[in-house]
Ligand code: ATP
Ligand code: ZN
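This is the structure:
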């Protein structure tokens, strides 16, 4: 039996459940439950916070997971990725106050930047020879400049309206993300065979959607 971890409640949840259902896999889901077993495929679904999914798959607590690539890479386990799933597309961007001058990444030299993604942002800046002071905060990153915590931020953007509402403008894309299927790297032969069947169905679903 394969154990698949998906986000319990959030932006990935509905599309993850829909994908599994469209693969022809049936299961009962009740919002208070933490796990459920499929009735017509050897699959158990675990409902977790998205941030916990990469670690659980790395450790083998779950065999598979569906998570944003942003969270996967930030957690330091990019090697777990099996394939992109094409939903929950978003980008991780740098933004500065609307009136602030900004020409290039160089302008961030020595600047205080608030973010929930210090690993991804740190690697991006290091590659470009920029040393900034990263302040890691777990939420409400967009308000950091207005309360004097930072001169710039790096956060997830999809439409840009949240940035605009906080007087910020997007200046650079750091990372592009989508939901990805991840797998533990030491699956048994039986589980690998089941994973292949699941991937085959997922790919058929995606082809049919186009
Ligand atoms: P949890 O309670 O599970 O920790 P969360 O608040 O960290 O949830 P969500 O806001 O539900 O996470 O986002 C989950 C993932 O969805 C993000 O990591 C990202 O990959 C993607 N995502 C975030 N914002 C958007 C958006 N505006 N549009 C599309 N996808 C997004
Ligand atoms: Zn989260």
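Residue numbers (full-length UniProt numbering): 1 to 210.
Glycine residues also receive a C-beta, built at the ideal position from the N, C-alpha and C atoms.
Bear in mind the structure is a predicted one, so any value in this text is a computation, not a measurement.
Any non-hydrogen atom of the ligand ZN closer than 7 Å to residue i Cβ
| i | result |
| --- | --- |
| residue 243 | Nothing about residue 243 can be read from this structure; the chain reaches only from 1 to 210. |
Cβ-heavy atom distance, residue i to the ligand ATP, below 7 Å
| i | result |
| --- | --- |
| residue 184 | no |
| residue 177 | yes |
| residue 35 | no |
| residue 70 | yes |
| residue 88 | yes |
| residue 158 | yes |
| residue 8 | yes |
| residue 12 | yes |
Contacting residues, own chain, Cβ-Cβ under 6 Å from residue i (five flanking each side not counted)
| i | result |
| --- | --- |
| residue 177 | 68, 69, 70, 90 |
| residue 56 | 5, 62 |
Residue span of the alpha helix (DSSP H) that contains residue i, given as start and end
| i | result |
| --- | --- |
| residue 200 | 189 to 209 |
| residue 40 | Looking at the DSSP string, residue 40 is not in any alpha helix (DSSP H), and its letter there is neither H nor E. |
| residue 70 | 69 to 75 |
| residue 14 | 13 to 22 |
| residue 122 | 118 to 127 |
| residue 153 | Counting along the chain, residue 153 falls outside any alpha helix (DSSP H), though it belongs to the beta strand (DSSP E) covering 152 to 157. |
| residue 58 | 53 to 59 |
| residue 165 | 161 to 165 |
Own chain, CB closer than 8 Å to residue i, minus 5 neighbours either side, in chain order
| i | result |
| --- | --- |
| residue 205 | 19, 22, 23 |
| residue 7 | 13, 16, 47, 48, 49, 50, 53, 66, 67 |
Beta-carbon proximity list for residue i, same chain, < 7 Å, skipping 5 on both sides
| i | result |
| --- | --- |
| residue 167 | 97, 98, 146 |
| residue 134 | 113, 115, 118, 121, 122 |
| residue 39 | 26, 27 |
Residue j beta carbon less than 8 Å from that of residue i
| i | j | result |
| --- | --- | --- |
| residue 114 | residue 95 | no |
| residue 75 | residue 111 | no |
| residue 93 | residue 174 | yes |
| residue 82 | residue 183 | yes |
| residue 80 | residue 199 | no |
| residue 172 | residue 155 | no |
| residue 108 | residue 85 | no |
| residue 195 | residue 64 | yes |
| residue 130 | residue 105 | yes |
| residue 88 | residue 201 | no |
Unbroken beta strand (DSSP E) run spanning residue i, endpoints
| i | result |
| --- | --- |
| residue 45 | 43 to 48 |
| residue 143 | Note, residue 143: premise wrong, no beta strand (DSSP E); not H, not E. |
| residue 96 | 90 to 97 |
| residue 170 | 168 to 177 |
| residue 4 | 2 to 7 |
| residue 134 | 133 to 136 |
| residue 84 | 81 to 84 |
| residue 115 | 112 to 115 |
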